[in-house]
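Numbered by full-length UniProt numbering, the letters in the sequence shown go through residues 1 to 386 in order.
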Amino acid sequence: MKRILFFNDSLVMGGTEILLVDLLNHLATKARITLLLPEPSDKDVLLRKVSPAVSIKYLYPDGLPHFQKKIWENIMIFFPRMFARQKGISESEYDEIVCFKETFFARIFAKMNIPKILWIHNIVYKRKYEARSFREKVSVWLNKKQIKRVERSYNSFDKVICVSDAAKNTYLSVLHEGKAPKQDISVLYNAIDLTKVKEKAKEPIIDLPQSETNFILITRTSPEKRIDRLINTIIRLKDEGYKFHVYIIGDGMDNRTMGEELTEKEINGMVTLKGRIDNPFPYILQSKWSLCVSERESFSLVLLESMALKTPVITTDCGGPRDIVDGGKYGILVDNSAEGVYRGMKSVLDNPSLSLEYSAHLDEAVSRFDYKGWLNSVEILLAVEG
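Encoded structure:
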């Protein structure tokens with residue numbers, strides 16, 4: 001059987017990670033699969049869903065203090081062969097390597113002379129730096145050096161798989177100045193197992209009140225998710241007299257700071273913070289609209305899952321979501337700004353019939369992201385079909 005090493009930086013509850021776990025479990029019947037993770041973590045809640053047939057390894061099996069980890073990271077970035085040798089990662093043990101997310105850990109595999117595949121799940125962008133003190137300037141200089149090495153390591157991968165046209169375009173424009181590198185770069189949209197999603201949506205929950213329009217946002221605490229846009233929109237719409245409710249689900253969304261902010265801005269009665277929920281699908285099913293307010297998204301599986309449950313979507317034009325809603329044909333596509341989010345939510349509150357209008361074509365929309373077809377494409381890519 002073919003020996004394939006998969007690397008991912010975590011197994012937290014997230015769309016990319018759920019897709020990876022399903023893929024690993026599927027491939028475990030066709031190949032010898034090893035999953036390499038940075039270190040054991042209580043946040044890796046999806047680890048329990050990985051098949052026993054998948055071998056799990058760690059770069060730091062016993063964990064490390066932050067300072068020691070930084071030393072190892074610099075060894076990895078500047079001396080990847082030494083790092084791999086010290087961590088017991090031998091190219092002779094595998095026939096192929098799949099780095100399932102673009103990450104600085106990709107540097108580990110840069111010098112390995114076996115077939116390598118890199119998945120681009122995010123919108124690649126250039127960081128903006130501000131440095132005032134000498135210490136900050138040194139830190140910025142080192143960080144730029146590190147990033148340059150990591151970016152160059154992406155070029156060592158034989159194939160690059162981008163999850164959307166937007167992800168591919170930014171990969172080429174940001175890292176290669178718009179010129180095609182000597183790599184096989186292709187787009188393979190993510191997909192979902194519709195049967196699983198619909199089955200999980202049947203799980204009983206306390207029914208959401210339907211006396212007013214319910215919006216749902218499934219997200220996490222990360223700057224590009226731009227939850228501030230939603231908060232500002234809620235305040236504006238409340239001041240204009242609109243009645244509605246927003247459910248926010250995701251890791252860290254129920255923290256005290258967030259709750260205090262909602263109370264301070266007097267919108268806590270219009271927002272329910274649920275934190276991380278293993279199965280958010282019943283909430284999506286009972287919501288009138290699903291939201292994406294991000295500044296950058298390479299794909300957004302949550303939008304696809306919402307559409308599979310006949311919950312129409314409002315999304316900023318932030319990358320991959322444009323592909324999912326086909327430029328606005330299958331969902332409301334708004335400007336990538338706070339004003340865009342406001343106008344999108346206001347439009348559906350002013351015109352409730354838009355919900356039925358967009359719901360009518362969601363089966364057609366979701367059929368473009370066939371899960372079995374996706375699995376078949378990955379099997380062909382990895383030469384493990386059959």
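Just so it is clear, CB atoms sit at the ideal spot from N, CA and C, and this is done for glycine as well. Treat the numbers as computed from the prediction; the structure is a model and nothing was measured.
Local Cβ density within 10 Å of residue i, reported as buried at 16 or more and exposed below that
i	result
Trp289	buried
Phe78	exposed
Ser133	exposed
Trp141	exposed
Pro61	exposed
Ser153	buried
Asp350	exposed
Thr316	buried
Straight-line gap, residue i to residue j (C-alpha atoms, nearest Å)
i	j	result
Glu73	Ile123	23 Å
Glu240	Tyr330	28 Å
Lys265	Glu151	42 Å
Leu37	Asp165	28 Å
Val12	Val348	33 Å
Asn8	Phe100	6 Å
Leu381	Ile97	12 Å
Val45	Ile205	21 Å
Ile324	Gln86	43 Å
Leu172	Tyr58	31 Å
Arg107	Gln68	18 Å
Val50	Leu304	23 Å
Asp95	Leu356	50 Å
Nearest neighbour of residue i, chosen from the options [CA to CA]
i	options	result
Ser377	Leu188, Val138, Arg107 and Ile206	Leu188
Met270	Phe281, Leu208 and Lys168	Leu208
Ile267	Ile249, Lys243 and Arg152	Lys243
Arg32	Val54, Leu20 and Leu46	Val54
Gly15	Asp323, Phe109 and His121	His121
Ile4	Ser10, Asp22 and Lys30	Lys30
Arg322	Asn155, Ala167 and Tyr247	Ala167
Phe281	Leu20, Ile218 and Asn336	Ile218
Asp228	Glu379, Ser337 and Ser287	Ser337
Cys162	Ser156, Asn155 and Thr170	Thr170
Ser156	Asn113, Arg256 and Arg48	Asn113
Cβ neighbours of residue i in the same chain (closer than 7 Å, five flanking residues each side left out)
i	result
residue 388	Absent from the model: residue 388. The displayed extent of the chain is 1 to 386, so no value can be given.
Pro80	Arg107, Ile108, Ala110 and Lys111
Contact set for residue i: own chain, Cβ-Cβ below 6 Å, skip 5 residues either direction
i	result
Lys159	Ile117 and Asp184
Ile231	none
Ser359	Lys310 and Pro312
Residues near residue i in its chain [Cβ-Cβ closer than 8 Å; skip 5 each side]
i	result
Tyr371	Ala191, Ile192, Asp193 and Leu194
Tyr283	Ile205, Leu208, Ile216, Tyr247, Ile249, Lys274 and Ile277
### Message
Ignoring anything shorter than 4 residues, give me the alpha helix (DSSP H) runs that lie fully in the segment 31-105, in order along the chain.
### Response
66-78 and 80-86
### Query
Which whole runs of the alpha helix (DSSP H) in the segment 283-319 are 4 residues long or more, in chain order?
301-308
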